[in-house]
Amino acid sequence: MGYYRKMVKKVPKDELLSRMRRFKANMDKCHPERQLVIIFSKVNQYYFTGTMQDGMLFIYRDKEAVYFIRRSYERALDESCFPVIKPMESYRTAAAETGKIPDCVHLETEAVTIGLLNRFRKYFPFDEVLSADLQIAMTRAVKSEYEISLMEKSGRIHQKVLEERVPLILKEGMSEAELAMQLYSVMIEEGHHGISRFGMYDTDMLLGNICFGESSIYPTFFNGPGGNYGMSPAVPSFGSRENKLKKGDLVFIDVGCGVDGYHTDKTMTYMFGGKLPEEVIEIHNKCVDIQDRIADMLKPGISPSFIYRKILNSLSPDFLQNFMGYKSLRVKFLGHGIGLNIDEYPVIAENFEEPLENGMFIAVEPKKGIADIGMVGIENTFLVTPEGGKCITGASKGLIQV
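Quick note: the sequence shown, position 114, residue 664 per our numbering, numbers continuous.
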């Protein structure tokens, strides 16, 4: 019996060809002299080929791309519609087939380690490395109808879980870890693909931040406005076993969801066993208003940096204190692109001057830390359209009373 598996969900061939054409067009604008781009990271392999293997993708300027696979060639044939897939035992055997490569090669410099590069260069000697990261990111940022449909499905799951099912899960005395365990089970049941992927180097995340009270403003290495206590110093990105839910707590849940590789990002807050102080609710509602103002500006032709400056310049010094973080851990963005990774191009921040385009998705997340309370605010995922951002993750304003 062979390895063939029925009912494999394949990325359509026309979709893969369109991605390759758009990437080459982006490279032509910035690096018209380039001869060869080599893709090593598994997420980018998936983007261009529809499968995720131990391999490397050679994208030539003037001839057909070739996908070399060490493991598993058989699985790749099952899963991928990519035109040229070849097996390789090692870099040595691939080099014997490929022959000499150009002296300058474009790589994913954010993903390729020095060790990998040295092993590769042993059989494929070349002199100069240049980056293809920005051109890959720009290509991935604009989603096709195929990709949009997957993200919209993820958004519906996200909305149902955080707005409808979480209030039924919350119980006095449960720990953050217990909530995380139940939340993960519910998300899988509803159709979540089971992982939250980040492009940020060396970042592990199963779900996201699941916090009661001040846990949501506890310091963290993660480049986001919220924090959490974590399971332990060795596992700082999962819910605490010790922090238990009590009446009067703010519950803060910031988690990714995904379908067939494509993510949405959403933050929802809850008031457990009683209302929070009125001034806290007012601050939260101000964050929701900021989200809506940003969403109105998510139109083709508007630059992310323009949005960032317009919002920041409209806020009072008092409100800016602990906005987008707490104390020294404030972040310098208001939202981020999202897709195969949760953190993608572009970012609603300074220095992102390239205008937004139809088909981009932006996760907008205005939040503010409050001493003795935690992190209030909101996050939803929006599709850039000529009419402004279209929210795909729900309409709740948060602070759901439980």
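Quick reminder that beta carbons are idealized off the backbone N, C-alpha and C, glycines included. All of these numbers come straight from a predicted model, not from anything done at the bench.
Backbone secondary structure at residue i - three-state DSSP
i, result
"I651", "coil"
"N759", "strand"
"A615", "coil"
"M737", "helix"
"F670", "helix"
"K721", "coil"
"G665", "helix"
"S568", "helix"
"Y820", "strand"
"P769", "coil"
"S782", "strand"
"D868", "helix"
"T943", "coil"
"I745", "coil"
"I596", "Residue 596 is actually Tyr in this sequence, not Ile. Residue state, collapsed to three classes: helix."
"K579", "helix"
"N799", "According to the sequence shown, residue 799 is Asp rather than Asn. In the structure shown, D799 sits in coil (DSSP, three-state: anything other than H, G, I, E or B)."
"L627", "helix"
"M551", "Its pLDDT being 41, under 50, M551 is placed unreliably by the model, and the measurement read from it follows with that caveat. In this structure, M551 counts as coil in the three-state DSSP scheme."
"V558", "coil"
"F902", "coil"
"V716", "helix"
"V805", "strand"
"T643", "helix"
"F573", "helix"
"K794", "strand"
"Y751", "coil"
"Y876", "coil"
Between the CA atoms of residue j and residue i - distance to the nearest angstrom
i, j, result
"V587", "D839", "44 angstroms"
"V558", "E629", "6 angstroms"
"E903", "K721", "46 angstroms"
"M589", "M821", "What sits at residue 589 in the sequence shown is Ile, not Met. If I take the Cα positions, the gap works out to 46 angstroms."
"P905", "I912", "13 angstroms"
"N778", "T819", "14 angstroms"
"E907", "T943", "20 angstroms"
"G600", "L700", "14 angstroms"
"R569", "I833", "42 angstroms"
"E829", "G948", "15 angstroms"
"V952", "I707", "20 angstroms"
"Y858", "G885", "9 angstroms"
"P827", "G924", "12 angstroms"
Which residues DSSP lists as bridging residue i, in chain order
i, result
"Y610", "L586"
"N930", "V914"
"R621", "D604"
"M925", "G919"
"E894", "G887"
"P637", "I619"
"L949", "Answer is none; L949 lacks a bridge partner."
"Y812", "V809"
"H656", "V587 and L680"
Local Cβ density within 10 Å of residue i, reported as buried at 16 or more and exposed below that
i, result
"Y751", "exposed"
"F598", "buried"
"V561", "buried"
"E764", "buried"
"T931", "buried"
"G939", "buried"
"D815", "buried"
"F618", "buried"
"P916", "buried"
"M551", "Bear in mind that the predicted position of M551 carries a pLDDT of just 41, short of 50, making it unreliable; the figure below should be weighed with that in mind. The residue is exposed, with fewer than 16 neighbouring Cβ atoms inside 10 Å."
"R689", "Looking at the sequence shown, residue 689 is not Arg but Thr. When all chains shown are included, T689 counts as buried."
"R747", "buried"
"N872", "buried"
"S782", "exposed"
"G744", "exposed"
"Q675", "Sequence inspection shows Pro at residue 675; the Gln mentioned does not correspond to that position. It counts as exposed."
"V634", "exposed"
"P850", "exposed"
"V926", "buried"
Complete alpha helix (DSSP H) runs within the stretch 823-855 (minimum length 4 residues, chain order): 828-846
Curious, which full-length beta strand (DSSP E) runs of at least 3 residues does the stretch 676-706 contain? 678-681
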